[in-house]
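Undergrad: Per the working numbering, residue 211 is the first one in the sequence shown, and the count goes up by one each step.
Every residue gets a Cβ at the ideal spot worked out from N, C-alpha and C, and that includes glycine.
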Amino acid sequence: MRSGPSRQTLRCVAAGTMFIDHIGVALFPGVLWLRCVGRLAFPIFAFFLAEGFRLTHSRKRYLQRLVLFALLAELPFDRMTGKQWVDWSGQNVLWTLALGLCAMACVQRAPREPGLPSLAWLSAAAGCCLLGELLNTDYGAFGVLLCLLFYCTHGLRRRFWICGGMFLWMCYAFQFVFLPGIPVPLEALGILSFPLLAVYRGRRSSRRPLGRYGFYWFYPLHMLLLALFS
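(1) Give the C-beta separation of F428 and A225 to the nearest angstrom, bearing in mind that I take them to be a contact with Cβ-Cβ under 8 Å.
(2) Report the residue ranges of all alpha helix (DSSP H) runs contained in full by the region 215 to 260; include only those spanning at least 4 residues, in chain order.
(3) Short of 8 Å in beta carbon distance, which residues of its chain neighbour I233, apart from the five on each side in sequence? Order them along the chain.
(4) Tell me, please, which residues DSSP counts as bridged to Q301.
(5) Grouping DSSP H, G and I as helix and E and B as strand, with all else coil, what is R264?
(6) Mind checking R221: buried by the 16 CB within 10 Å criterion, or exposed?
(7) Could you tell me whether the region 299 to 311 touches the region 326 to 334, where touching means 3 or more Cβ pairs closer than 8 Å?
(8) Determine the closest residue to G292 out of L237, V241 and R319, with distance taken between C-alpha atoms.
(9) Relative to the alpha-carbon of M433, which residue among L282, R249 and E323 has its alpha-carbon at the smallest distance?
(10) Please state whether DSSP places T363 in a helix, a strand or coil.
(11) Out of I230, G365 and G342, which has the shortest C-alpha to C-alpha gap to Q301?
(12) Given that a residue counts as buried once 16 or more other Cβ atoms are within 10 Å of its Cβ, and exposed if not, what is R264?
(13) Determine whether the beta carbon atoms of V296 and D288 lie at a separation below 8 Å.
(14) Under 8 Å between the Cβ atoms of S440 and M228?
(15) Give the secondary structure of Q318 by DSSP, where H, G and I count as helix, E and B as strand, and everything else as coil.
As structure tokens, then:
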């Protein structure tokens with residue numbers, strides 16, 4: 211019998227901590243602890259994206275679903291973060307996850323086609339990271355790389371030791387490049403979600419209180435609610 215938290219439980223943890231984070235963004239921008247709690251969410255989302263990439267019956271439909279809800283979430287995200295309905299300065303995290311999915315597809319194809327085609331696929335994966343930075347998606351290249359990290363370490367015995375170490379290294383590397391004046395990157399607190407992921411054993415909950423697409427709908431709707439009250 212599989213022990214540890216179910217997939218549904220971990221997704222609820224991610225959604226809940228993200229909601230707390232967004233309350234801080236929209237309503238209490240000066241309250242730092244709300245933002246700190248929210249750092250737990252993205253590593254969980256990235257982990258389940260990598261798992262979903264391996265298990266889904268149709269990666270094309272998976273990508274289409276991410277893009278559809280990214281489009282639905284963009285105006286609420288812009289309003290919540292920039293106080294206006296159209297703001298091109300930043301894009302929501304579903305775009306990051308969509309780029310992560312594309313990057314994983316590229317990395318998967320690379321070993322099948324040796325030589326220049328393999329290099330082209332790896333370059334395309336790097337391009338997904340670059341695009342995340344150019345579009346200024348939430349978490350940017352860092353987020354795409356984290357998705358790739360979870361995908362590439364699947365099956366390794368000490369997976370979460372490796373992922374945890376690389377995660378912290380990436381946090382400090384990106385902080386050094388983009389925000390050198392701040393000694394401790396806020397994203398590093400995401401390491402606190404790794405123990406939860408480490409005890410996850412692939413167990414599925416027998417119930418889906420939010421339905422099959424409940425978490426997708428939760429993302430734009432909760433931001434719309436916060437945007438209207440901010």
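TA: Judging by the given coordinates:
(1) If you number the sequence shown from 1, residue 428 lands on position 218. If you number the sequence shown from 1, residue 225 lands on position 15. The Cβ separation is near 6 Å, so the contact holds.
(2) 217 to 236 and 242 to 248
(3) Position 23 of the sequence shown, counted from the first residue, corresponds to residue 233. So the qualifying residues of the chain are L244 and L436.
(4) For the purposes of this step, residue 301 is taken as the residue at position 91 of the sequence shown. DSSP output for Q301 lists T347 as bridge partner(s).
(5) Sequence index remark: in the sequence shown, residue 264 carries index 54 (1-based). The answer is helix: DSSP assigns R264 an H, G or I state.
(6) What you label residue 221 is simply residue 11 of the sequence shown in a count that begins at 1. It counts as buried.
(7) no
(8) Taking the first residue of the sequence shown as position 1, residue 292 is located at position 82. Comparing Cα positions, the closest option is L237.
(9) Position 223 of the sequence shown, counted from the first residue, corresponds to residue 433. Here the closest residue by C-alpha is L282.
(10) Residue mapping note: residue 363 aligns to position 153 of the sequence shown, counting from 1. Coil at T363, not helix or strand.
(11) Counting from 1 along the sequence shown, the entry for residue 301 is found at position 91. If we check each option's Cα against that of Q301, G342 comes out closest.
(12) Taking the sequence shown and counting its residues from 1, one reaches residue 264 at position 54. It is exposed - the Cβ of R264 has fewer than 16 other Cβ atoms within 10 Å.
(13) Taking the sequence shown and counting its residues from 1, one reaches residue 296 at position 86. Taking the sequence shown and counting its residues from 1, one reaches residue 288 at position 78. Closer than 8 Å, so yes.
(14) Translated into positions along the sequence shown, residue 440 becomes position 230. Translated into positions along the sequence shown, residue 228 becomes position 18. Against a cut-off of 8 Å, the Cβ pair of M228 and S440 comes out as no contact.
(15) Position 108 of the sequence shown, counted from the start, is the residue given in the question as residue 318. Helix at Q318.
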